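Heads up, the thing below is written out as structure tokens.
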Amino acid sequence: MTQPSMERVLRQRLAPERLQPYIVAAGSPRAAIRLYQWNVEVSGASYEALHVVEVVLRNSLHDQLSLLHAKRNGVGSWLDSPFAELTDRARADIVTARQRAREGLARKQSPPARGAALRAIKPTDGDVVAQLGFGFWRYLLATRYTHTLWLDALRHAFPHLTPQAVSHVEGPVQRLHLLRNRIAHLEPVFGSNLALSLQDMTTLLGYACPRTQAWFGATRAPRLKAALAARPAPKR
Numbered sequence: 004m005t006q007p008s009m010e011r012v013l014r015q016r017l018a019p020e021r022l023q024p025y026i027v028a029a030g031s032p033r034a035a036i037r038l039y040q041w042n043v044e045v046s047g048a049s050y051e052a053l054h055v056v057e058v059v060l061r062n063s064l065h066d067q068l069s070l071l072h073a074k075r076n077g078v079g080s081w082l083d084s085p086f087a088e089l090t091d092r093a094r095a096d097i098v099t100a101r102q103r104a105r106e107g108l109a110r111k112q113s114p115p116a117r118g119a120a121l122r123a124i125k126p127t128d129g130d131v132v133a134q135l136g137f138g139f140w141r142y143l144l145a146t147r148y149t150h151t152l153w154l155d156a157l158r159h160a161f162p163h164l165t166p167q168a169v170s171h172v173e174g175p176v177q178r179l180h181l182l183r184n185r186i187a188h189l190e191p192v193f194g195s196n197l198a199l200s201l202q203d204m205t206t207l208l209g210y211a212c213p214r215t216q217a218w219f220g221a222t223r224a225p226r227l228k229a230a231l232a233a234r235p236a237p238k239r
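Listed below in structure tokens is the structure:
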């Protein structure tokens with residue numbers, strides 16, 4: 004019995020409707036498979052780079068919000084007593100993140116002890132921050148906070164940004180958030196401006212910490228650059 008070609012197998016397993024955008028872009032089913040493979044590779048390289056940027060961004064913003072909270076209140080955490088300036092959605096995100104952090108810590112307990120642990124565990128700030136999605140931090144950098152949290156705290160997360168205008172970080176963060184969501188939902192990114200995405204990542208890291216930017220450029224950016232350079236030739 005003749006075995007079907009790998010191209011035919013992949014066309015069946017990937018589903019025609021999912022492969023169709025690749026066929027349109029690449030010009031043929033065979034070229035579409037190559038483009039799909041490249042899309043997987045470049046998505047992985049982009050996500051790896053985004054990982055660094057997201058962690059640096061959220062930690063930098065968290066540090067500044069913690070300092071502002073200490074200045075205003077003296078004790079406690081901004082996550083326990085969210086700033087009045089925050090939107091209802093942001094406050095709800097913090098509540099959800101705290102619950103997820105609590106559940107994650109409870110799962111580390113033996114099954115009989117999980118119920119009691121879930122009620123008793125108090126997650127650290129770090130536990131909660133790790134559960135706040137990229138979107139939470141993106142919207143903290145919206146222009147609605149220009150005259151409040153940005154001036155009072157968040158601009159200090161980017162000490163090398165000149166001039167310190169929120170618009171210079173809002174755009175890059177918004178674009179990277181959209182890219183991250185596309186990758187997380189396994190959507191095609193071959194039509195995205197990934198060279199600009201890499202530039203956005205590098206720029207944001209430079210605003211926050213030039214030494215981290217240099218490390219990123221030497222260790223994480225090369226894989227993404229190599230993936231970008233390996234894109235299959237477009238249809239003629």
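Residue numbering for the sequence shown follows the numbering used here, starting at 4 and increasing by one per position. Note that beta-carbon positions come from the ideal geometry of N, C-alpha and C, so glycine has one too. None of the values given here were measured: they were computed from a predicted structure.
When DSSP labels each residue in this structure, what does residue i get in the three-state scheme?
i	result
Arg37	helix
Val78	coil
Glu88	coil
Gln67	helix
Thr127	coil
Lys111	coil
Pro235	coil
Gln134	helix
Arg105	helix
Gly30	coil
For the alpha helix (DSSP H) that residue i lies in, which residues bound it at each end?
i	result
His159	Run containing His159: none; DSSP gives neither H nor E here.
His180	170–187
Trp153	Run containing Trp153: none; DSSP gives neither H nor E here.
Phe137	137–143
Ser200	197–211
Gln15	9–17
Pro191	No alpha helix (DSSP H) holds Pro191; DSSP gives it neither H nor E.
Please classify residue i as buried or exposed, where buried requires at least 16 other C-beta atoms within 10 Å of its C-beta.
i	result
Asp203	buried
Asn42	buried
Glu298	Lying before the first or after the last residue shown, residue 298 is absent from the chain, which here runs from 4 to 239.
Glu20	exposed
Asp96	buried
Gln134	buried
Ser8	exposed
Asp16	Before going further, note that residue 16 is Arg rather than Asp in the sequence given. Classification of Arg16: exposed, given that the 10 Å Cβ count is below 16.
Glu173	buried
Pro166	exposed
Beta-carbon within less than 7 angstroms of residue i's beta-carbon, same chain only, minus the 5 sequence neighbours each way: which residues are those?
i	result
Ile26	Pro32, Ala35
Leu64	Trp140, Leu143, Leu157, Ala160
Val55	Phe219, Arg223
Thr215	Val59, Leu208
Leu68	Trp81, Ala156
Ser46	Ile186, Val192
Keeping to the same chain, check which residues put their C-beta closer than 6 angstroms to that of residue i; ignore five residues upstream and five downstream.
i	result
Arg183	Leu53, Phe137
Arg37	Pro235
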